[in-house]
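> Let me give you the structure first, and then I'll get to my questions.
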Amino acid sequence: MYTAHIMIDSSLCKACWKCLQVCKNDVLAKVNLPFHKHIKITRGNNCTGCFLCTAECNFGAITKIIDGGKKLRE
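Next up, the structure:
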């Protein structure tokens, strides 16, 4: 058994919103500030660890976290 979730680096997010389109659990939301658009985690407890969002992000803005802090990059 493991715990899985994601971490967002908003400085890498290009606001393409592809991760929003693939997340079926409403974990993510848009931040639409005029000069700083990015994604944020709003319902982290809804994350099932499917990591579709990380696979969809071409900019490395979403990182997989497994077992309380171990970062996984692909």
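Each step along the sequence shown adds one to the number in UniProt numbering, with nothing skipped, and position 24 is 24. All C-beta atoms in this analysis are idealised placements derived from N, C-alpha and C, irrespective of residue type, glycine included. Remember, predicted model here, so these are calculated numbers, not experimental data.
1) Going by DSSP, which residues form a beta bridge with V31?
2) Out of I8, I65, R43 and M7, state which residue places its alpha-carbon closest to the alpha-carbon of D26.
3) Kindly give me the distance between the Cβ atoms of K37 and A29, rounded to whole angstroms, as I take these residues to be in contact under 8 Å.
4) Where DSSP assigns a beta bridge to T63, which residues make up the other side?
On the basis of the supplied data:
1) H38
2) R43
3) 12 Å between Cβ atoms; not a contact.
4) M7
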